[in-house]
Structure formats: structure tokens, C-alpha cells
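Data first, discussion second: the structure below is written as C-alpha cells.
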Amino acid sequence: MAHEEIVDRYSRFARNAMTGRPAHASFGEGCAGAAGYDDDTALPDGALRASLGCGDPVAVADLHEGDVVLDLGSGGGIDVLLSARRVGPTGRVYGLDASPDMLKLARDNAAQAGVTNTEFLHGTIERIPLPGRTVDVVISNCVINLSDDKAATLAEAFRVLRPGGRFGVSDVVTEDGVTDQDRRRRTETRIGCTAGSLTVGEYRTLLTNAGFTGVTITPTTDHGDGVHSAIVKAGKPSVAPGFEIRPMRDADAAQVLEVYQLGLDTGHASFETTAPAWETFSSARLGHLRYVVADTRTDRVVAWVAASRVSARPVYAGVVEHSIYVHPDYGSRGLGRALLNAFVAASEDAGVWTIQSGVFPENTASLALHQAAGFRVLGTRERIGRHHGVWRDVLMIERRSTAI
Ligand SMILES: C[S@@+](CC[C@H](N)C(=O)[O-])C[C@H]1O[C@@H](n2cnc3c(N)ncnc32)[C@H](O)[C@@H]1O
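Going by the working numbering, the first residue of the sequence shown is number 522, and it counts up by one from there.
Laid out in C-alpha cells, this is it:
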């Protein structure tokens with residue numbers, strides 16, 4: 522179903538609710554609506570009648586007093602109103618919806634509930650009309666499955682979140698490995714999931730590609746044929762104010778190599794003395810485990826981390842070797858530590874059980890950084906190679922995941 526048809530369909534539901542009928546009189550049976558909530562007391566009837574969700578994202582979103590919350594596809598506003606109560610007068614809750622009728626219904630419901638810390642925005646979840654890094658928590662209830670560009674939607678959620686921000690949504694997902702696609706589509710249609718759900722694996726990949734870490738996908742209701750309602754949670758990595766940790770892009774090439782060369786010039790980072798060409802650098806490293814710290818004012822790369830496979834043998838599929846470099850002008854701000862923590866979380870999301878590397882013993886800062894992130898020294902490879910004509914020792918370090 523095309524985006525315009527989806528908006529027409531939900532506009533019709535909104536008009537139902539505005540005339541006193543349940544919005545979902547003709548809606549799919551997988552929609553739990555207001556029945557999915559433990560605590561809907563003191564909500565206007567209009568908000569309950571218009572509830573078209575498949576779970577209760579507010580219950581699992583860990584909202585705090587003062588948080589700024591964004592609800593993607595806010596419909597009649599039920600989750601906006603519940604969040605508004607949780608974040609209190611110092612917080613703010615945005616509802617975003619593409620249907621002007623839903624927005625009118627939601628504004629009426631907010632006025633009836635007497636809440637003043639809400640704002641309803643017209644727009645699409647694929648192009649969120651808010652500036653970057655202004656939101657603490659993104660929630661959504663049964664909407665991302667309706668998007669015709671889910672990669673763009675998740676990238677936009679990542680963009681608007683502040684570092685350390687949380688993503689917690691209720692959505693429809695399909696189990697990995699479902700082979701009967703016809704039955705899956707019939708079930709999706711029956712429950713009103715008209716644009717098609719992501720599989721669990723696809724959801725993880727899109728969240729990871731967008732830059733999220735700490736991804737969990739927990740099924741809640743089984744709709745049959747491998748299709749479930751689920752709670753999907755993830756986080757945007759934390760870092761010092763003024764910076765952002767995000768996936769490395771090809772457009773970062775020159776700055777990544779510049780930071781690399783500055784590290785090599787210290788003489789304590791690697792046996793290498795000259796940063797390679799981008800193609801050589803990039804082809805030797807895993808595409809999904811490379812991140813940068815960028816200055817948010819200029820988007821300039823000030824640190825990076827990337828990993829390579831240690832072996833093509835399947836037995837080593839979860840073993841990687843990493844490098845991390847911080848621009849020498851940007852030390853002492855905890856950027857390396859935040860980047861390494863984000864990398865560890867991302868590697869665990871990707872099923873990595875061992876991260877290994879080599880460190881010169883003279884590089885005490887790198888050793889301390891890694892030990893703080895759970896790495897241990899396995900031993901010393903004495904006089905293992907020559908650097909500028911001098912034989913050097915290398916400490917072998919590794920971090921074993923306790924989660925994988
Ligand atoms: C299944 S209803 C859920 C509404 C609300 N979250 C709830 O739980 O009651 C889907 C809502 O998302 C809106 N919507 C669908 N696709 C959208 C898109 N691409 N961008 C913005 N809103 C969208 C619809 O207009 C509708 O209000």
C-alpha cells in the first residue's frame with residue numbers, strides 16, 4: 522500500500538473516532554488498541570477510541586522527568602498523553618503524524634486532557650521535521666512497519682536523538698527464517714500491517730547501520746505464521762557534549778586517514794608509518810564495525826575505530842582485531858573511552874565474542890583505555906618487529922565478551 526493510501530486509511534479512522542465510533546471498527550485484529558495498556562486512567566475517551574497500537578511503548582521506555590520525547594506516527598495521541606504525564610512540566614512530548622485528521626484528533630484529545638507540554642507536528646517519519654540531537658527518547662506504536670523506507674526512518678530517529686538517547690518502540694516483526702511468504706503476507710494484512718514487517722534480523726541490521734547499539738527485540742504477542750508484535754529497544758552511544766558517535770562513511774575518508782597519520786606520527790601507535798589509500802584501508806575492514814566521533818558543529822572526524830576479521834575460518838567468525846585513533850588535539854575529553862565502549866556494544870550486537878589487538882608497551886594511554894573497557898593483557902611478543910630500524914615489543918590484548 523502506497524504512503525498516500527496509508528494516510529487516507531488512517532485519516533478515515535481518525536474521522537471515525539471524532540464522530541464517537543471506535544477508530545478501528547474496520548481495523549486489523551492484531552491491533553490491541555487501548556486494551557494493550559495497563560494504565561489508561563484519566564485519558565480522554567477520544568484518545569482511547571483512537572488507539573491503534575500493538576503494545577505499550579511508554580511502559581518500557583524508561584521516561585524521566587524533563588525528558589524530550591518524540592512519538593513517531595502518534596495517531597490519536599494516546600502515547601503522547603501518557604508520556605506527557607511521565608516527563609512532567611519540565612519535559613516536552615512531540616507527536617508526529619502524516620494525517621492531518623489524526624493531528625486534529627490528537628490536539629483535541631490533548632486539550633481535553635488539559636496537558637500543555639505536548640506539540641503535534643505534521644510530517645513523515647522518513648523525514649522528521651526536528652533538528653538533530655534534540656530528543657531524549659523516540660517511541661512509536663505500530664507505525665514503523667507501515668513505512669515504505671524503514672532504513673530512512675531509523676536513520677532519522679538516530680539523527681534527532683541526543684547522544685545517550687533511547688529508542689523504544691512497539692512494532693510488528695517477522696521471525697527470521699520464515700519460508701512461507703504468502704502466509705506471512707496474509708497474516709500481515711489480517712493484522713493491518715500493510716507495508717510489510719521487517720524480520721528480526723533485518724530490524725537489527727537497519728538499527729545497527731543507522732548507528733544504534735544495545736539492540737534488543739522482544740516478542741510480545743504471537744499473531745501466527747512467524748509474525749509477532751514486539752518491543753524493540755536500542756540506544757544512541759553516549760559521548761561528551763559537542764560530539765557524536767556515528768557510523769563511519771566513505772565521505773569521512775580524508776579525515777579518518779588524517780587522524781590515522783597523526784597517530785602513526787607519534788611512533789607509538791603501530792608498526793605502520795604511512796596511512797594507506799582509502800580503498801586499501803576500507804577493503805581490509807568490516808563494513809558494519811567502523812565508527813567515528815564527529816564534532817557536531819563541523820561534522821569533522823576527531824576519532825575513529827574499525828575492525829578486521831582475524832581469519833576467514835568459520836570457527837573465528839566472532840573474533841575481530843581492532844584499531845582506535847583519537848586526534849591528538851582532542852585528548853582528555855573521554856572521546857576514546859566513549860568510542861571504545863560504543864564499539865564493544867556494537868560488536869556484541871554483531872555476535873563478536875573476542876576483540877583482540879596489539880599495543881606497544883610504551884603506549885600506556887592506550888593500554889589504560891583498553892583495560893578500562895575490559896581488555897586484558899595476554900602476554901608480550903618480544904622484539905616481534907622493527908619500527909624505524911628499532912626492534913619493538915608488542916603487548917597482545919583481548920576482550921572476551923561475557924554476553925556472547
Ligand atoms: C497503526 S496507527 C498507530 C497510531 C498510534 N501510534 C497509536 O498507537 O494509536 C499508525 C499511525 O501512523 C501514521 N503514519 C503512517 N505512516 C506514516 C508515515 N510514514 N509518517 C508519519 N505518520 C505515519 C498514521 O497516520 C497513523 O496515525
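In this text, a Cβ means the ideal position worked out from N, Cα and C, and glycines have one as well.
Where the beta strand (DSSP E) through residue i begins and ends
{"i": "Val-721", "result": "From DSSP, Val-721 is part of no beta strand (DSSP E) but of the alpha helix (DSSP H) over 721 to 731."}
{"i": "Gly-913", "result": "Correcting the residue type first, residue 913 is Arg in the shown sequence and not Gly. Element bounds for Arg-913: 911 to 921."}
{"i": "Asp-746", "result": "Element bounds for Asp-746: n/a, residue is neither H nor E."}
{"i": "Leu-899", "result": "897 to 908"}
{"i": "Leu-617", "result": "613 to 618"}
{"i": "Asp-697", "result": "From DSSP, Asp-697 is part of no beta strand (DSSP E); its letter is neither H nor E."}
Residue(s) in a DSSP beta bridge with residue i
{"i": "Asp-577", "result": "Note: Asp-577 sits in no beta bridge, so no partner."}
{"i": "Gly-644", "result": "Per DSSP, none; premise fails for Gly-644."}
{"i": "Lys-754", "result": "Gly-689 and Thr-737"}
{"i": "Ser-661", "result": "Leu-593 and Val-690"}
{"i": "Gly-879", "result": "Met-917"}
{"i": "Tyr-812", "result": "Pro-768 and Val-826"}
{"i": "Leu-682", "result": "Val-656"}
{"i": "Thr-639", "result": "Val-614"}
Beta-carbon contacts of residue i that lie in its chain and below 7 angstroms, excluding the five residues immediately before and after
{"i": "Phe-881", "result": "His-789, Arg-913 and Val-915"}
{"i": "Asp-786", "result": "none"}
{"i": "Phe-733", "result": "Phe-679, Phe-688, Ala-755, Gly-756 and Lys-757"}
{"i": "Lys-671", "result": "Ile-665, Leu-719 and Leu-727"}
{"i": "Asn-862", "result": "Ala-894"}
{"i": "Pro-610", "result": "Asn-638"}
{"i": "Tyr-558", "result": "Asp-577"}
Same chain, Cβ closer than 8 angstroms to residue i, five either side skipped, listed in chain order
{"i": "His-909", "result": "Gly-788 and Thr-794"}
{"i": "Tyr-837", "result": "Arg-830 and Val-831"}
{"i": "Val-693", "result": "Gly-551, Cys-575, Cys-663, Asn-666, Glu-709, Ile-712, Cys-714, Ser-718, His-744, Val-748, His-749, Ser-750 and Ala-751"}
{"i": "Val-656", "result": "Val-589, Val-590, Leu-591, Tyr-615, Val-681, Leu-682, Arg-683 and Gly-686"}
{"i": "Thr-639", "result": "Gly-598, Val-601, Leu-602, Ala-605, Arg-613, Val-614, Tyr-615, Gly-616 and Ala-631"}
{"i": "Ala-523", "result": "Asp-669"}
{"i": "Gly-549", "result": "Legend: pLDDT at Gly-549 = 48, less than 50; position of this residue unreliable, value from coordinates given subsequently. So the qualifying residues of the chain are Thr-710, Arg-711, Ile-712, Gly-713 and Cys-714."}
Residue i: first and last residue of the uninterrupted alpha helix (DSSP H) it sits in
{"i": "Ser-532", "result": "524 to 539"}
{"i": "Thr-710", "result": "702 to 711"}
{"i": "Ile-649", "result": "Where Ile-649 is concerned, there is no enclosing alpha helix (DSSP H), given that its DSSP letter is neither H nor E."}
{"i": "Ser-868", "result": "856 to 870"}
{"i": "Ser-887", "result": "885 to 893"}
{"i": "Ser-844", "result": "Taken as a continuous stretch (DSSP letters only), Ser-844 belongs to no alpha helix (DSSP H), being part of the beta strand (DSSP E) at 840 to 847."}
{"i": "Tyr-781", "result": "774 to 786"}
{"i": "Phe-802", "result": "799 to 804"}
{"i": "Ser-759", "result": "Ser-759 -> no alpha helix (DSSP H), and no H or E assigned at all."}
{"i": "Asp-583", "result": "Unbroken run through Asp-583: none, as it is neither H nor E."}
{"i": "Pro-835", "result": "Segment: none, Pro-835 is in no alpha helix (DSSP H) and carries neither H nor E."}
{"i": "Ala-927", "result": "Since the first residue of the chain shown is 522 and the last is 925, residue 927 is not available in this structure."}
{"i": "Gly-567", "result": "566 to 570"}
Closer than 7 angstroms: residue i CB and nearest ligand 1 heavy atom
{"i": "Ser-620", "result": "yes"}
{"i": "Ile-918", "result": "no"}
{"i": "Val-528", "result": "yes"}
{"i": "Asp-600", "result": "yes"}
{"i": "Met-623", "result": "yes"}
{"i": "Asn-662", "result": "yes"}
{"i": "Glu-647", "result": "yes"}
{"i": "Ala-571", "result": "yes"}
{"i": "His-848", "result": "no"}
{"i": "Arg-531", "result": "Before going further, note that residue 531 is Tyr rather than Arg in the sequence given. Yes - ligand 1 has a heavy atom lying nearer than 7 angstroms to the Cβ of Tyr-531."}
{"i": "Ser-668", "result": "yes"}
{"i": "His-524", "result": "yes"}
{"i": "Ser-718", "result": "no"}
{"i": "Gly-541", "result": "no"}
{"i": "Ser-595", "result": "yes"}
{"i": "Gly-574", "result": "yes"}
{"i": "Leu-675", "result": "no"}
{"i": "Leu-617", "result": "yes"}
Sequence-distant residues of its chain with Cβ nearer than 6 angstroms to residue i (five each side left out)
{"i": "Ser-887", "result": "Val-880"}
{"i": "Trp-799", "result": "Ala-774"}
{"i": "Val-898", "result": "Leu-916 and Ile-918"}
{"i": "Arg-920", "result": "Ile-876, Gly-895 and Phe-896"}
{"i": "Pro-849", "result": "Leu-783"}
{"i": "Tyr-781", "result": "Ala-796 and Tyr-846"}
{"i": "Arg-628", "result": "Phe-641"}
{"i": "Ala-828", "result": "Leu-807, Leu-810, Val-841 and His-843"}
{"i": "Ala-619", "result": "Val-528 and Thr-645"}
{"i": "Ser-547", "result": "Reliability of the predicted coordinates at Ser-547 is poor, the pLDDT of 47 falling under 50, and the value obtained from them is presented with this limitation in mind. There are no such residues."}
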